[in-house]
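Asker:
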Amino acid sequence: MERIGYRRGEDPRMLREREWIVTNGLGGYASGTIGGEPTRRFHGFLIAALLPPRGRVLAVSSLGESACGADELDEMRLENGLPAFRYRTVERRILLPHGKNVSIVRYRAREPITLIVRPAFQIRPHEGRVDEAPREYPVAIDGRTCEIDRGSSLPVLLVASHGEWQAVPPRTRTVRYAVEEERGYDCEGPLVYPCELTMQLGAGEEATLVLSTDAWDPKLDAGALCREEEERRRTLATGHSGRVAELSIAADQFVIRKLSSEASEDRTVIAGYHWFTDWGRDTMISLEGLCLCTGRHEVAGRILRTFAHHVRDGLIPNLFPEGESQGLYHTADATLWFFHAVDRYTTVTGDRKLLADLLPILRGIIHAHLEGTKFGIGVDPADGLLRQGAEGYQLTWMDAKMGDWVVTPRRGKAVEINALFYNALRLFDRWAPGEGIARAADRLRESFNARFVASGRDHLLDVVDPDDASLRPNQLLAVDAWHKAFPGDDLRPFLAGFDQHLGDFGLGTIAEIFDADPPHEAKGCIAQAWSVAELLRCSLLE
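The opening residue of the sequence shown carries number 6 in this note's numbering; numbering runs sequentially from there.
#1: Could you name each continuous beta strand (DSSP E) segment of 3 residues or more that falls completely within the stretch 177–213, going from the start of the chain to the end?
#2: Would Leu-391 pass as a contact of Ile-382 if the rule is Cβ separation under 9 Å?
#3: Measure the Cβ-Cβ separation of Trp-395 and Lys-379 and say whether it is below 9 Å.
#4: Buried or exposed for Tyr-11, please, with buried defined as at least 16 other CB atoms from any protein chain shown within 10 angstroms of its CB.
#5: Using CA coordinates, which residue listed in Asp-404, Pro-58, Leu-367, Val-458 is at the minimum distance from Arg-431?
#6: Ignoring anything shorter than 3 residues or poking outside the stretch 25–94, list the beta strand (DSSP E) runs there in chain order.
#7: Give the secondary structure of Ala-534 by DSSP, where H, G and I count as helix, E and B as strand, and everything else as coil.
#8: I need the DSSP call for Ser-452, collapsed to helix, strand or coil.
#9: If I follow the unbroken alpha helix (DSSP H) through Arg-237, where does it start and stop?
#10: For Met-204, which residues of its own chain have a beta-carbon under 6 Å away from its beta-carbon, when the five flanking residues on both sides are left out?
#11: Which residues bound the beta strand (DSSP E) around Arg-262?
#12: For Pro-365, which beta-bridge partners are listed by DSSP?
#13: Pair every Cβ in the stretch 139–148 with every Cβ in the stretch 92–106, then say whether three or more of these pairs are closer than 8 Å.
#14: Evaluate Pro-43 with the Cβ neighbour count: other Cβ atoms within 10 Å of its Cβ, from every protein chain shown; 16 or more gives buried, anything less gives exposed.
#15: Sorted by chain position, which residues of the same chain lie with C-beta nearer than 6 Å to Asp-257's C-beta, five sequence neighbours on each side aside?
#16: Can you tell me which residues form a DSSP beta bridge with Thr-299?
#17: Using the Cα positions of Asp-154 and Ile-52, report the straight-line distance between them to the nearest angstrom.
#18: Count the other CB atoms, across all protein chains shown, that sit within 10 Å of the CB of Gly-40; report buried if there are 16 or more and exposed otherwise.
#19: Just reading off the alpha helix (DSSP H) that Ser-253 is part of, what are its end residues?
#20: What residue from Leu-545, Arg-286, Pro-102 has the CA that sits closest to Ala-227's CA?
#21: Measure the CB-CB distance between Ile-254 and Gly-86 and report whether it falls below 9 Å.
#22: Helix, strand or coil for Lys-105 per DSSP?
#23: Can you name the start and end residues of the alpha helix (DSSP H) that Ile-290 belongs to?
#24: Would you decide whether Thr-351 is buried or exposed? Buried here means 16 or more other CB atoms lie within 10 Å of its CB.
Set out below in C-alpha cells:
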C-alpha cells in the first residue's frame with residue numbers, strides 16, 4: 006500500500022504542513038514534517054514509551070543529515086504506512102520494530118556520497134516544556150556505537166552499520182516550533198548537537214542507523230528486524246485495497262501493550278497522537294473499528310478485560326495520565342460505552358466466556374448507577390433518568406476546560422448519557438434476564454420521551470433539569486445509533502472526501518477534528534483513534 010505525500014513542484018507549504026508518524030505498539034513513535042522542520046514539541050526520530058512513572062520521552066530530536074534537507078527532496082511517500090524519502094543523492098526510510106523502543110533509519114546512496122549525521126537532543130518528557138535551558142549530554146564512543154547521556158537514567162544508543170562517530174564540541178541551536186506558537190504554548194527552545202557520524206557510501210550502497218533506549222545486542226540484525234516489521238505491516242492490509250487497506254494499517258498504530266510492567270499482556274488504545282494517552286471513552290467507541298473490523302478479536306478481548314480490571318465505584322477510567330498506572334474516573338459516558346463495546350465484541354466473536362467473566366462487573370456497574378456513585382452520577386428516583394455533574398468537573402465528551410472554567414458543564418440529565426444508559430440497561434437485561442433491570446429501562450424510556458422529545462421543538466433537548474435546548478450533536482446518539490443510518494451505497498459520498506484527507510495533515514491517518522465550515526481544515530491531533538476506527542467501520546459497509 007503506497008501513498009505519495011509530496012513530490013517536487015508541489016506547494017512548498019506542504020513540506021511543513023504535512024506530517025508523518027510511525028508507532029511501535031507501546032505508545033512510542035517517531036514523527037515529523039515532510040520537510041524535516043520540527044513544528045511541534047512532539048516531533049523527533051525516537052519518542053520512547055517507558056514504564057511508569059517515566060511515560061513517553063523524547064530521546065532523539067533530529068538527525069541533521071547533510072544530504073536530507075527540504076531543498077534536496079524529490080519525493081516522500083508512505084509504504085504500508087512507513088515514510089520513505091527520496092533526496093537528490095540519498096534515499097531514507099524510517100521504521101520502528103513492533104514492541105521495541107527502537108527506531109531504525111535506513112539510507113541508500115543514489116550516487117557516491119559522504120553522508121554526515123549530526124543528531125540533536127533535548128531529552129525530556131515528550132509533552133514537556135521546550136524552553137528549558139540546554140544541558141550537557143556526555144558522549145561515549147565504542148566503535149560504531151555512540152552512547153548519549155551515559156550514566157543517566159535514560160542513556161540513548163546510536164548504532165551505525167557504517168562510518169565513524171566523533172564527539173564534537175557541543176553546539177546549541179534554538180528552534181521555534183511553529184504549531185506550538187500557534188496554539189499559544191511555549192514554543193522556542195534549544196537542541197544540543199554533541200556528536201557526528203561520517204559515512205562514505207558508494208552508489209547503491211545501504212547503511213543503517215539504530216536509535217534505541219532499549220539495551221541493544223550488537224548481534225541483532227537490524228535488516229532482519231526491518232524485514233519482519235515490513236512483513237507484519239503487509240499482513241495488516243491483506244484482502245483489502247484502497248481506503249480500507251490504508252485505514253487498516255492506520256488502525257494498528259492505536260492498539261498498544263499497556264506498560265504496567267515488562268511482562269504485561271494488557272492491551273489498550275491510545276486515543277490519539279501525539280499527546281493523548283489511553284482514554285476509556287475513546288477506547289470503547291473505537292474498539293469495533295480498530296479491532297473487530299480488522300480481525301484482532303483476541304486483542305479486543307484483552308482490552309475489555311484491561312478496563313474491567315480498573316473499574317472503581319461502577320466506573321471505568323476516563324483516562325490514564327501520562328506515565329501513571331492508575332486512572333482518573335471523571336466521566337459519565339465512558340462506562341456506558343463499555344456496554345456497547347462488550348455487545349459488539351460478543352456479537353462478532355460469539356465469546357460467551359468473556360461475557361460470563363465480565364457479568365459480575367457489569368452488574369456492579371448497573372447497580373452503582375441505579376443507586377448513585379461519584380461525581381453526582383446516579384438515577385433520579387423521581388423519573389428514572391440518569392443525572393450527572395459535580396462542581397469543577399466536565400463529565401461528558403464535551404470536556405473542554407480552561408483553568409477552573411468548565412466550558413460546557415452540561416450538569417443534569419444529558420440526552421446522550423440517558424440514551425447510552427438505556428442501551429446499557431437493555432443489554433444487561435438481555436445478558437441477565439429476570440433481575441428487574443427491564444423495569445428501570447421501561448421507566449427511563451417513558452421519562453425520556455416525556456422530557457426530551459415532547460418539548461414542542463424540532464429537536465431534542467440537550468439537557469433537562471435544568472433544561473437546555475441548545476442544538477448540539479449529542480442528540481444523534483439518542484436516535485437508533487446501533488443500526489445503520491444509511492444503506493451501504495448511500496455512504497459513499499459521505500466517505501469519499503476522506504480519501505484526499507489521507508494525503509494531508511497526518512499522512513495515511515485521520516485527524517481529531519475539522520473546522521465545520523469549508524474548507525474544513527483539519528485540527529487537533531494528526532491521528533485520532535475514533536476517527537480512523539469509525540471511518541474504517543463505515544467503509545466496510547460500502
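Glycine residues also receive a C-beta, built at the ideal position from the N, C-alpha and C atoms. This one's a predicted model, so the numbers in the text were calculated from it and none came from an experiment.
Answerer: Taking the definition as stated:
#1: The stretch 177–213 contains, as complete beta strand (DSSP E) runs of 3+ residues, the segments 193–206 (chain order).
#2: Cβ atoms of Leu-391 and Ile-382: closer than 9 Å.
#3: It is worth fixing the name first, because residue 395 is Ala in this sequence and not Trp. Inclusion of Ala-395 and Lys-379 in the CB contact set at 9 Å is warranted, their separation being smaller than that value.
#4: Around the beta carbon of Tyr-11, a 10 Å sphere encloses 16 or more other beta carbons of the protein chains shown; the residue is thus reported as buried.
#5: When each option's Cα is compared against that of Arg-431, the closest is Leu-367.
#6: Listed in chain order, the beta strand (DSSP E) elements of length 3 or more contained wholly in the stretch 25–94 are 34–38, 49–55, 60–65, 78–84, 87–92.
#7: In this structure, Ala-534 counts as helix in the three-state DSSP scheme.
#8: Helix, per DSSP.
#9: Note, Arg-237: alpha helix (DSSP H), 227–241.
#10: Closer than 6 Å at Cβ, skipping near neighbours: Leu-120, His-167, Gly-168, Ala-212.
#11: Start and end: 260–262.
#12: Answer is none; Pro-365 lacks a bridge partner.
#13: Contact between the stretch 139–148 and the stretch 92–106 is absent, because fewer than three Cβ pairs lie under 8 Å.
#14: The C-beta of Pro-43 has 16 or more other C-beta atoms within 10 Å across all chains shown, which makes the residue buried.
#15: Excluding positions up to five away in sequence, the list reads Leu-241.
#16: Thr-299 pairs with nothing; no bridge assigned.
#17: A direct Cα-Cα distance of roughly 16 Å separates Asp-154 from Ile-52.
#18: That one is buried.
#19: For Ser-253, the enclosing alpha helix (DSSP H) has its first and last residue at 247–256.
#20: Among Leu-545, Arg-286, Pro-102, the Cα nearest to that of Ala-227 belongs to Pro-102.
#21: It is a contact, given that the beta carbons lie within the stated cut-off.
#22: DSSP places Lys-105 in coil when its eight states are reduced to three.
#23: Here the alpha helix (DSSP H) through Ile-290 covers 285–292.
#24: Burial of Thr-351 is indicated by the presence of at least 16 other C-beta atoms within 10 angstroms of its C-beta.
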